[in-house]
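Read the structure below first, then the notes.
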Amino acid sequence: MNDLRRPFPLGPRGRLLVAFAFAGALSYWFLGLSLSGLLPARGAGDQLGAFFGAALHPAVDYEASWVPEGAPPFLSNVGRAMLETLLLAAAAMSFAILLSIPLALWTSTSFWQRQSRGAAGIARKSKLGRALLPFVRLVIACMRSVHELLWAVVLLAAFGDHHFLAVLAIAIPFAGTLAKVYSEMLDEAPTDSSEALAEAGLAPGFCFALGRLPRALPDMTAYTFYRFECAVRSSAVMGFFGFPTIGYYLKLSYENLYYREVWTWLYALIVLVLVFEAWSARLRRRWVAR
Amino acid sequence: MSRVEEIRRLRREAPRSRFLRWSGVALGALVVASWSDTERWPFALFRGQRVHNLERFLERELVPYPLRNGDRGPADLFGWARDLFAAKGGEATLSTLAISALAILLAAACAWTLGPLAARNLSTARPAEDLQGKPESRAWRAVRGATFALFVALRALPEYILAYLLVALLGPGHAWPAVLALGVHNAGILGRLSAESVENLEPAPLQALRTSGARRSDLIVAAVWPLSINRWLTYFFYRFETCVRESTALGMLGIASLGYWISDAQANHYYDEVFFFVGLSGLIVVVADFASARARRSLREGDKLR
Numbered sequence: 102m103n104d105l106r107r108p109f110p111l112g113p114r115g116r117l118l119v120a121f122a123f124a125g126a127l128s129y130w131f132l133g134l135s136l137s138g139l140l141p142a143r144g145a146g147d148q149l150g151a152f153f154g155a156a157l158h159p160a161v162d163y164e165a166s167w168v169p170e171g172a173p174p175f176l177s178n179v180g181r182a183m184l185e186t187l188l189l190a191a192a193a194m195s196f197a198i199l200l201s202i203p204l205a206l207w208t209s210t211s212f213w214q215r216q217s218r219g220a221a222g223i224a225r226k227s228k229l230g231r232a233l234l235p236f237v238r239l240v241i242a243c244m245r246s247v248h249e250l251l252w253a254v255v256l257l258a259a260f261g262d263h264h265f266l267a268v269l270a271i272a273i274p275f276a277g278t279l280a281k282v283y284s285e286m287l288d289e290a291p292t293d294s295s296e297a298l299a300e301a302g303l304a305p306g307f308c309f310a311l312g313r314l315p316r317a318l319p320d321m322t323a324y325t326f327y328r329f330e331c332a333v334r335s336s337a338v339m340g341f342f343g344f345p346t347i348g349y350y351l352k353l354s355y356e357n358l359y360y361r362e363v364w365t366w367l368y369a370l371i372v373l374v375l376v377f378e379a380w381s382a383r384l385r386r387r388w389v390a391r
Numbered sequence: 066m067s068r069v070e071e072i073r074r075l076r077r078e079a080p081r082s083r084f085l086r087w088s089g090v091a092l093g094a095l096v097v098a099s100w101s102d103t104e105r106w107p108f109a110l111f112r113g114q115r116v117h118n119l120e121r122f123l124e125r126e127l128v129p130y131p132l133r134n135g136d137r138g139p140a141d142l143f144g145w146a147r148d149l150f151a152a153k154g155g156e157a158t159l160s161t162l163a164i165s166a167l168a169i170l171l172a173a174a175c176a177w178t179l180g181p182l183a184a185r186n187l188s189t190a191r192p193a194e195d196l197q198g199k200p201e202s203r204a205w206r207a208v209r210g211a212t213f214a215l216f217v218a219l220r221a222l223p224e225y226i227l228a229y230l231l232v233a234l235l236g237p238g239h240a241w242p243a244v245l246a247l248g249v250h251n252a253g254i255l256g257r258l259s260a261e262s263v264e265n266l267e268p269a270p271l272q273a274l275r276t277s278g279a280r281r282s283d284l285i286v287a288a289v290w291p292l293s294i295n296r297w298l299t300y301f302f303y304r305f306e307t308c309v310r311e312s313t314a315l316g317m318l319g320i321a322s323l324g325y326w327i328s329d330a331q332a333n334h335y336y337d338e339v340f341f342f343v344g345l346s347g348l349i350v351v352v353a354d355f356a357s358a359r360a361r362r363s364l365r366e367g368d369k370l371r
């Protein structure tokens, strides 16, 4: 029956595949790509060999022939940069969480709900809250949709160099994302406990804080850890804008063609990311499936 | 037992984990250490010369060029925006979208073919069967471990750093570094997610096929792909949206996306143009976000692809 009705000899999955192939071909054509672009650039063939050859021999000491008197050992620099990367991520995340909490509460429906006896979930928002809601949503969308590096460009142009700007550049988009996800999680949390509390006669604020919030908290914590992981990566990349994280030293070594140092920095970043990923995965497992 | 004692008993018997507690301590210490560095405190931003710089930035540099001298109006502003869009913004917008589309398609092709190899229920000597405590084959465990490690390695480095390395190795002036960087990183992410969703498939359909004589490849083509495609597509659209966001920034490495014009305008100190292109990038991310949310919602609501 199905086959007789089909105007097109492909099922929905087949059509999807065709659409994907078409989109891919269109993009390929628009970008003017060619497969020869995948070969190393002219004159970079030797460089390519040198670069990947260095992967097995990461530097444990400066590669430069002359190092100023009193410079700290190379590996202590690596440790410092790893710590600095973590610290920037921690500062940015703590600031982002702080920013996101009011935004998340404001945009979640459940925060404004008054749970009356019997009829749970009748939304009665305060007038001001409702009037400003689209505006707050817009602010969150703006925070979220501009990339942290673009925030860094704008902030550095506005204020000049300052360490807080790296924190802010990461914290703004991360706060937007956290606010959106937190508010969705609050709205999707099971309502049974808050309904029970409303039944017992508790004020709506308490129903939310003691009934709704604890049910969403495990998911919120798990997601926060996932974002922390992302913040570590972003913090490393911030180094490209002159902040003393791993990216800064990576760029420096790469520009000087010290490939063995480059690989040390890459391995340092990979170790940092993997340790953090393993830690956060274990924490999330404990938290969500307890 | 009185109620107070009851509560005390419950508190005493609540599950506790040393791992969780020490993790909390470590995180707290990190946050305290990060803010104990006074160089990170924001207060200096609003003192001395910086205030003048900020004022100049907001009152002059950020103001769109035609509005600066006060003798022209919003009509000129529209013309300015239109000219910028026609000369640079339009093509860069399309490039940004094309880079993300190609990258996510490459990532999905890689993840959807290799993903099942990292799934615990398929990547065994007897796929989809209950092992009942029998030792599993070493070869298949190695295959699974290798695929898993590959996904971890692919996603370990951030896209921006991958693209930075690739620009030097593949040469500037084309979009391959951005496409490959985004593709590689997202292949690692989509790969892990698709392997997890294969592990969470209901075993019954797979077992039914097994008992009627299907091989592993039959299982993948006839059951795993059709059963997982909805879930995989929601991941696909979710990552597409982050790809668009990321590829706007990758342009700052000299690749023809919106970021290219942002760094170009920044180098010339045309901060009104920086603002315009940053706004444009925000806009296309919002649009991609909206489209992806729509697509994911329609995938969740009906199983249209079965």
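As given, the protein sequences belong to chains A and B, one line each in that order. One point on numbering: in my numbering, the residue at position 34 of the first sequence is 135, and numbering is uninterrupted. One point on numbering: in my numbering, the residue at position 126 of the second sequence is 191, and numbering is uninterrupted. For each residue, glycine too, the CB sits at the ideal point set by N, CA and C. From a predicted model like this one, the values you see are computed outputs, not experimental measurements.
Take residue i as the anchor and find which of the options has the nearest alpha-carbon.
i        : options                                   : result
Leu132/B : Trp145/B, Leu318/B, Ala211/B and Gly253/B : Trp145/B
Lys352/A : Arg359/B, Ala221/B, Leu227/B and Arg74/B  : Leu227/B
Ser166/A : Ile347/A, Tyr359/A and Trp364/A           : Tyr359/A
Phe121/A : Pro237/B, Ile349/B, Gly319/B and Ile169/B : Ile169/B
Pro107/B : Val255/A, Asp262/A and Ser137/A           : Asp262/A
Ser335/A : Leu250/A, Val240/A, Pro315/A and Leu117/A : Leu250/A
Val237/A : Phe212/A, Leu287/A, Ala280/A and Ala310/A : Ala280/A
Val338/A : Ile198/A, Leu384/A and Ala270/A           : Ala270/A
Gly319/B : Cys308/B, Phe111/B, Arg281/B and Leu230/B : Leu230/B
Tyr300/B : Ile349/B, Ala360/B, Ala151/B and Leu266/B : Ala360/B
Gln148/A : Leu233/A, Leu370/A and Glu356/A           : Glu356/A
Trp207/A : Lys228/A, Arg328/A, Ser284/A and Val376/A : Ser284/A
Glu156/B : Ala259/A, Leu287/A and Phe131/A           : Phe131/A
Trp241/B : Arg116/A, Gly125/A, Ala124/A and Leu134/A : Leu134/A
Gly256/B : Val339/B, Arg83/B, Leu179/B and Ala190/B  : Leu179/B
Arg191/B : Ser363/B, Thr276/B, Ala109/B and Trp87/B  : Thr276/B
Ala332/A : Arg143/A, Ile198/A and Ala156/A           : Ile198/A
Pro203/A : Gly230/A, Gly180/A and Ala190/A           : Gly230/A
Under 6 Å Cβ to Cβ from residue i, same chain only, skipping five residues before and after it: list those, please.
i        : result
Leu171/B : Gly248
Trp380/A : none
Ser262/B : Ser293 and Arg296
Phe48/B  : Any question about residue 48/B goes unanswered here, given that chain B covers just 66 to 371.
Ala221/A : Residue placement at Ala221/A is flagged as unreliable, the pLDDT there being 46, under the threshold of 50; the coordinate-derived value follows with that caveat. Around Ala221/A: Glu296.
Arg260/B : The sequence given here places Ala at residue 260/B; Arg does not occur at that position. Correct list, in chain order: Gly180, Ala183 and Ala184.
Between residue i and the rest of its own chain, which residues show a CB-CB distance below 8 Å, the 5 nearest in sequence each way excluded?
i        : result
Glu126/B : His334, Tyr336 and Asp337
His248/A : Pro274
Leu140/A : none
Gly343/A : Asp262 and Tyr349
Run the CB neighbour count on residue i, radius 10 Å, all protein chains shown included, and call it buried at 16 or more, exposed below.
i        : result
Ala79/B  : exposed
Glu185/A : buried
Ser328/B : buried
Glu224/B : buried
His117/B : exposed
Asn251/B : buried
Gly348/A : buried
Val119/A : exposed
Ala136/A : According to the sequence displayed, residue 136/A carries Leu and not Ala. Exposed is the call here.
Leu373/A : buried
Ala218/B : exposed
Leu367/A : buried
Gln214/A : buried
Asn186/B : buried
Arg304/B : buried
Ala374/B : For residue 374/B there is no data in the structure shown, the boundaries of chain B being 66 and 371.
Asp195/B : exposed
Measuring from the CB of residue i, is there a heavy atom of the ligand ADP at a distance below 7 Å?
i        : result
Phe326/A : Looking for the ligand ADP in the displayed structure turns up nothing, as the structure carries no ligands at all.
Excluding five sequence neighbours on each side, which residues of the same chain lie with their C-beta closer than 7 Å to the C-beta of residue i?
i        : result
Val208/B : Leu182 and Ser188
Phe175/A : Ala160, Val161, Asp162 and Tyr163
Ser294/A : Gly312 and Arg316
Ser282/B : none
Arg361/A : Ala155, His158, Pro159, Ala160 and Glu164
Alpha helix (DSSP H) segments (min. 4 residues) lying fully within the region 157-185 of chain B: none
Entirely enclosed alpha helix (DSSP H) segments - the region 208-273 of chain B, minimum 4 residues: 224-235 and 241-264
Contact list for the region 264-279 of chain A against chain B, Cβ threshold 7 Å: His264, Phe265 and Val268
Inside the region 289-341 of chain A only - alpha helix (DSSP H) runs reaching at least 4 residues: 293-300 and 314-339
Within 7 Å of chain B by C-beta, residues of the region 190-201 of chain A in sequence order: Ala191, Ala192 and Ser195
The region 185-219 of chain B: positions lying closer than 9 Å to chain A by Cβ: Val217 and Ala218
Contiguous alpha helix (DSSP H) assignments of at least 4 residues, all confined to the region 100-137 of chain B: 114-121
Short-range partners of chain B found in the region 231-250 of chain A, where Cβ spacing is below 9 Å: Ala242, Cys243, Arg245, Ser246, Val247, His248, Glu249 and Leu250
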